[in-house]
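Asker: So that we are looking at the same thing, I have put the structure below in structure tokens.
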Amino acid sequence: MAQNDTVKLIGSWSSPFALRARVALHLKSVKYEYLDEPDVLKSKSELLLKSNPIHKKVPVLIHGDVSICESLNIVQYVDEAWTSDPSILPSLPYDRAIARFWSLYVDDKIFASLDAVAGAKDDGERMAAAGKLMECLAILEDVFQKSSKGLGFFGGENIGFLDIACGTILGPVSVIEAFSGVKFLREETTPGLIQWAEKFRAHEAVKPYMPTVEEFVAFAKKKFNVE
Amino acid sequence: MAEKEEVKLLGIWASPFSRRIEMALKLKGIAYDYVEESLDNKSPLLLALNPIHKKVPVLVHNGKAILESHVVLEYIDETWKHNPILPQDPYDRSKARFFAKLVDEQIFNAGFVSMTKAEQQGREDLAEQTRELITYLEKELVGKDFLGGKSVGFLDLVAGSMIPFCLERGWEGMGLQVITDDKFPEYKRWVKNLEKVESVTDCIPPKEKHIEHMNFMVGRFRSS
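Top to bottom, those sequences are chains A and B.
Quick note: the first sequence uses UniProt numbering, first residue 1, plus one each step.
Quick note: the second sequence uses UniProt numbering, first residue 1, plus one each step.
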């Protein structure tokens, strides 16, 4: 794929996974056409179904005549296809392995525990799921402290792969916090993540694309028919 | 003077996830110490190195632990650059990663659960789901010796360790016909090609013992 081939991104406004792709493309200053799927769970466009026939999910990156699916895959692809600075993945193999490992943890464990809290059928289930989520965030705090080495991001001085992977939990976490009245990211337990979250949201590659907490909560209220 | 490389792999003989790492190390000619772990009696070393998941494989390289088989394979490829296992082209790399995830998530889940269903119809339904998924790999193999092209690559190691040298053994033990010659000629050709590669065949679990093990795991799953 030549760098100059057309680039399109199929995403959805509220999708944390689509956000990852947008941040990566912005970091690399890639010009692309953004195609929004307004109601992706209920109604999918022809183009989405054609370019991601197996999973039928956003985001999908279309570069020239090929499609790349799965958000973390897309971020790595963007890093490898556009080789100009900044690098998204760290440069050393071990640091790359750490970033990849923890991004898989976010997708496997953290999103699963967010879903468990949101989908809990009774208080007992909700408490158990909330406990699990707190544990996961405590682990992530520890990862942040080790990875950032006293600097602002998981990637150190600059935003990197693991920041992009983790940043996407912020929207769902803020929705759960608003609905439950419980703070999952707290000064006492996750001080590093609190500061990092602010920096991440404010970053020029994130801010234009990440819905605010208020917008997320309004969207979730409408989606789940809650006042 | 070159620093002596210390490479250690914690694995389980029947695990496709650790077997694929052995294949990669062999393909690259990397000497390593192997530590056999047990599912039911995990060593203090494993629990210390992988406290989050408590699973194999764990690769230890000069004192640092690398976890999760796909992450380990990429680490090996980036650290020892000869005989590359990932393709060079970014799009081909993204396809390899995409299909590797499909193998280890959807194909593995459908495939394993197809063995555990008590009712025959349940087994058949899941076998059909698995076939539909493997059809994607069948299409990828057209005109190629291996999923990696001319030589064994990342996706061959992932799919090879998982499907012909793990799931198929389980299906054989259950008397389930899942991947047939008529519908999967490319897949069959690919397996024959894999069987000619020493770095692959040296690292697959012995068949009869593996079938017995898969039957045991299915039984354990059913009664849990």
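The C-beta atom is built at its ideal place from N, Cα and C for all residues, glycine as well.
Apart from the five residues just before and just after Val218 (chain B), which ones in its own chain have a Cβ nearer than 6 Å to its Cβ?
Answerer: As a working note, residue 218 (chain B) is residue 218 in the second sequence. Answer for Val218 (chain B): Met115 and Thr116, listed in chain order.
Asker: If you check the beta carbons only, do Ser67 (chain A) and Ser51 (chain A) fall under 7 Å apart?
Answerer: One-based indexing of the first sequence puts residue 67 (chain A) at position 67. One-based indexing of the first sequence puts residue 51 (chain A) at position 51. Cβ atoms of Ser67 (chain A) and Ser51 (chain A): closer than 7 Å.
Asker: Have a look at His203 (chain A) and Ser45 (chain A) and give me their C-alpha separation to the nearest angstrom.
Answerer: Reading the first sequence from its first residue, position 203 is the one you call residue 203 (chain A). Reading the first sequence from its first residue, position 45 is the one you call residue 45 (chain A). Those two C-alpha atoms are separated by around 31 Å.
Asker: Excluding the 5 residues preceding and the 5 following Ala2 (chain B) in the sequence, name in chain order all residues of the same chain whose CB lies nearer than 6 Å to its CB.
Answerer: Here the question's residue 2 (chain B) lines up with position 2 in the second sequence. Legend: pLDDT at Ala2 (chain B) = 48, less than 50; position of this residue unreliable, no value from coordinates given.
Asker: Taking the Cβ atom as the reference point for each residue, do Glu22 (chain B) and Cys166 (chain B) lie within a distance shorter than 7 Å?
Answerer: Position 22 of the second sequence, counted from the start, is the residue given in the question as residue 22 (chain B). Position 166 of the second sequence, counted from the start, is the residue given in the question as residue 166 (chain B). Their beta carbons are not under 7 Å apart, which means Glu22 (chain B) does not touch Cys166 (chain B) by this criterion.
Asker: How about Val40 (chain A) and Val23 (chain A): do their beta carbons lie closer than 7 Å?
Answerer: Translated into positions along the first sequence, residue 40 (chain A) becomes position 40. Translated into positions along the first sequence, residue 23 (chain A) becomes position 23. No, they are not a contact pair.
Asker: For Ile76 (chain B), count the other beta carbons within 10 Å of its own beta carbon; 16 or more makes it buried, fewer makes it exposed. Which is it?
Answerer: Within the second sequence, residue 76 (chain B) is the residue found at index 76, counting from 1. Classification of Ile76 (chain B): buried, given that the 10 Å Cβ count is 16 or more.
Asker: One question on the structure: do Pro191 (chain A) and Leu114 (chain A) come within less than 7 Å of each other, judged by their Cβ atoms?
Answerer: Within the first sequence, the letter at position 191 stands for residue 191 (chain A). Within the first sequence, the letter at position 114 stands for residue 114 (chain A). No, Cβ-Cβ distance for Pro191 (chain A) and Leu114 (chain A) is not below 7 Å.
Asker: Mind checking whether Ile134 (chain B) and Arg169 (chain B) have CB atoms under 7 Å apart?
Answerer: Here residue 134 (chain B) refers to the residue found at position 134 when the second sequence is read from its first residue. Here residue 169 (chain B) refers to the residue found at position 169 when the second sequence is read from its first residue. No, the Cβ-Cβ distance between Ile134 (chain B) and Arg169 (chain B) is not below 7 Å.
Asker: Should the region 94-112 of chain B be called in touch with the region 54-64 of chain B, which here means at least 3 C-beta pairs below 8 Å?
Answerer: No, they do not touch.
Asker: Report the residue from B:Pro44, B:Ile66 and B:Glu6 whose alpha carbon sits nearest the alpha carbon of residue 225 (chain B).
Answerer: This structure gives no information on residue 225 (chain B), because the portion of chain B shown stretches from 1 to 224.
Asker: Which value, in whole angstroms, describes the spacing of the CA atoms of Glu119 (chain B) and Arg222 (chain B)?
Answerer: Working through the second sequence from its first residue, we reach residue 119 (chain B) at position 119. Working through the second sequence from its first residue, we reach residue 222 (chain B) at position 222. Rounded to whole angstroms, Glu119 (chain B) to Arg222 (chain B) spans 12 Å at the Cα level.
Asker: Within the same chain, show all residues whose beta-carbon is closer than 8 Å to that of Glu187 (chain A), passing over the 5 residues directly before and after it, in chain order.
Answerer: Looking up residue 187 (chain A) in the first sequence gives position 187. Cβ neighbours of Glu187 (chain A) beyond the five flanking positions: Ile194.
Asker: At a CB-CB cut-off below 8 Å, which residues of chain A make contact with Val71 (chain B)?
Answerer: As a position in the second sequence, residue 71 (chain B) is number 71, starting the count at 1. The contacting residues are Ala97, Arg100, Phe101 and Leu104.
Asker: What are the partner residues of Glu33 (chain A), as DSSP defines its beta bridges?
Answerer: The sequence position of residue 33 (chain A) within the first sequence is 33, counting from 1. In the DSSP output, where bridge partners are listed per residue, Glu33 (chain A) has A:Lys8.
Asker: Verify the CB distance criterion: does Tyr32 (chain A) have a CB-CB separation below 7 Å to chain B?
Answerer: Start at 1 with the first residue of the first sequence, and residue 32 (chain A) comes out as number 32. Output row for Tyr32 (chain A): interface = no.
Asker: To the nearest angstrom, how far is the alpha carbon of Lys223 (chain A) from that of Gly143 (chain B)?
Answerer: Numbered from 1 along the first sequence, position 223 holds the residue referred to as residue 223 (chain A). Numbered from 1 along the second sequence, position 143 holds the residue referred to as residue 143 (chain B). Answer to the nearest angstrom: the Cα atoms are 47 Å apart.
Asker: How would you list, in chain order, the residues of chain B whose beta-carbon sits under 7 Å from the beta-carbon of Pro16 (chain A)?
Answerer: Residue mapping note: residue 16 (chain A) aligns to position 16 of the first sequence, counting from 1. Here the premise fails: no neighbours, minimum Cβ distance about 18 Å.
Asker: By Cβ distance, which residues of its chain are closer than 7 Å to Asp55 (chain A), with the 5 residues on each side in sequence left out?
Answerer: For the purposes of this step, residue 55 (chain A) is taken as the residue at position 55 of the first sequence. Checking the sequence, you will find His at residue 55 (chain A) rather than Asp. Correct list, in chain order: Cys69.
Asker: From the beta carbon of Met1 (chain B), is the nearest beta carbon of chain A less than 7 Å away?
Answerer: Here residue 1 (chain B) refers to the residue found at position 1 when the second sequence is read from its first residue. At Met1 (chain B), the pLDDT of 41 sits below 50, so the modelled position is not reliable and the matter cannot be decided from this model.
Asker: Classify Glu37 (chain B) as buried or exposed, calling it buried when 16 or more other Cβ atoms lie within 10 Å of its own Cβ.
Answerer: In the second sequence, residue 37 (chain B) corresponds to position 37, counting from 1. By the 10 Å Cβ count, Glu37 (chain B) comes out buried.
Asker: Check whether the Cβ atoms of Val213 (chain A) and Ser174 (chain A) lie closer than 7 Å to each other.
Answerer: Working through the first sequence from its first residue, we reach residue 213 (chain A) at position 213. Working through the first sequence from its first residue, we reach residue 174 (chain A) at position 174. Yes; because the gap between Cβ atoms is below 7 Å, this pair is in contact.
Asker: Would you call Thr201 (chain B) buried or exposed, if buried means 16 or more other Cβ atoms sit within 10 Å of its Cβ?
Answerer: On the second sequence, position 201 is the one that residue 201 (chain B) refers to. Thr201 (chain B) comes out exposed.
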